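S.K.:
2 protein chains.
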Amino acid sequence: MERTPSHPEVSTFNLQQVLEALVDPVRRSIVMQLDATCEDIACGAFDISVSKSTATHHFKVLREAGLIRQHYVGTSRMNTLRRAEMDEALPGLLDALTTPQAQGALISGSAGK
Amino acid sequence: MERTPSHPEVSTFNLQQVLEALVDPVRRSIVMQLDATCEDIACGAFDISVSKSTATHHFKVLREAGLIRQHYVGTSRMNTLRRAEMDEALPGLLDALTTPQAQGALISGSAGK
DNA sequence: GTCAAAGTTTGACGGCTATCGTACTTATAT
DNA sequence: ATATAAGTACGATAGCCGTCAAACTTTGAC
């Protein structure tokens with residue numbers, strides 16, 4: 001059996017599906033963690049508080065929207081953020097979600113008074 | 001009775017609520033129409049295909065997320081896009097949704113063969 | 001005062017989806 | 001070969017949300 005899942009092409013990315021993927025806090029957290037490290041992360045290595053089966057569901061939604069790419073390394077399924085392709089399809093969207101303001105703001109440092 | 005609804009302050013805008021407002025195609029269409037004209041539009045003057053009561057619901061969601069400001073002019077409720085304030089709270093988000101790519105692309109002109 | 005126009009409110013309904021547990025599959029280590 | 005680890009697949013469930021119709025409110029026109 002083939003263990004490599006199908007990934008959509010950039011030309012088929014669409015805003016509706018991407019927004020539906022990103023509106024869920026757990027999925028957005030996954031994307032943020034990938035964006036923060038710029039490295040591949042195994043499904044089980046994310047800091048999320050849902051069961052494994054629920055996590056699988058979230059990764060599927062992210063993959064089908066084109067946000068992540070998945071491949072196996074042993075028994076671990078590694079996840080890569082498709083940053084460049086998403087930027088090409090929907091310029092500025094991921095940038096907007098990764099700004100300090102989009103996160104909670106309050107970056108410490110000059111913590112107002 | 002006061003007919004002016006309450007509007008959230010910029011400091012209380014939050015990404016989750018804004019994304020939940022923008023993920024619905026009808027509501028995103030409302031925002032796009034407001035962004036395209038840069039003028040106030042009455043609730044009944046939008047090109048949307050839902051009943052009046054459903055439209056009321058959508059406007060409420062948009063207002064509570066901070067995306068629009070509403071005020072009465074006679075019996076008509078006018079809607080204003082809070083563009084500058086939203087840009088301050090979540091820089092780049094509305095820009096990302098109004099790019100040609102975010103829309104259907106295919107802007108005609110050089111319609112590839 | 002009467003009527004029409006523009007929205008709101010309320011209640012109901014249906015479908016979608018995030019969630020979980022259990023069983024299953026695949027690969028690695030012993 | 002056995003056991004364990006990492007995910008997947010499959011129901012099942014519960015809650016939310018978009019939708020509408022009907023009744024109501026408010027304003028402006030006649």
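These protein sequence lines are chains D and A, in that order.
All residue numbers for the first sequence refer to full-length UniProt numbering, where the first residue is 1 and numbers rise by one.
All residue numbers for the second sequence refer to full-length UniProt numbering, where the first residue is 1 and numbers rise by one.
Think of the CB as a built atom: it goes at the ideal place given N, C-alpha and C, for glycine as much as any other residue.
All values derive from a computational prediction rather than experimental measurement.
1) Check the Cβ of P25/A against every Cβ in chain D and list those closer than 7 Å, keeping chain order.
2) Between the alpha carbons of M78/D and V26/D, how many angstroms are there, rounded?
3) In whole angstroms, what separates the C-alpha of I68/D from that of S49/D?
4) For A42/D, which residues does DSSP report across the bridge?
5) Which word fits F13/D, buried or exposed, when buried means at least 16 other C-beta atoms lie within 10 angstroms of its C-beta?
6) For V23/D and V73/D, I'd like the C-alpha separation in whole angstroms.
7) Rounded to whole angstroms, what is the Cα-Cα separation between D35/A and P100/A?
8) Any C-beta of chain D sitting closer than 8 Å to the C-beta of P8/A?
9) Counting only beta-carbon atoms, is A96/A nearer than 8 Å to chain D?
10) Would L81/D and A21/D be called neighbours here (beta carbons separated by less than 8 Å)?
11) According to DSSP, is H71/D helix, strand or coil?
12) Output yes if chain A places a C-beta closer than 8 Å to the C-beta of L93/D; else output no.
13) With DSSP run on the structure shown, which of helix, strand or coil describes F13/A?
14) With a threshold of 8 Å between beta-carbons, can Q33/D be considered close to chain A, or not?
15) Look at the alpha carbon of L94/D and the alpha carbon of L97/A, and state the distance between them as a whole number of angstroms.
16) Can the beta-carbon of Q33/D be found closer than 8 Å to that of A65/D?
17) Would you kindly report the start and end of the unbroken alpha helix (DSSP H) that includes V103/D?
18) How is the alpha helix (DSSP H) around T37/A delimited, first residue to last?
19) Could you tell me whether any Cβ in chain D is nearer than 8 Å to the Cβ of T4/A?
M.R.: For this structure:
1) Those are Q16, listed as they occur along chain D.
2) 17 Å
3) 20 Å
4) M78/D
5) buried
6) 29 Å
7) 13 Å
8) no
9) yes
10) It is not a contact, given that the beta carbons lie outside the stated cut-off.
11) strand
12) Chain A, which has a Cβ nearer than 8 Å to the Cβ of L93/D, makes this yes.
13) coil
14) With a threshold of 8 Å between beta carbons, Q33/D makes no contact with chain A.
15) Roughly 11 Å separates the two Cα atoms.
16) no
17) The sequence shown places Gln at residue 103/D, not Val. No alpha helix (DSSP H) contains Q103/D, which DSSP labels as neither H nor E.
18) 25-37
19) no
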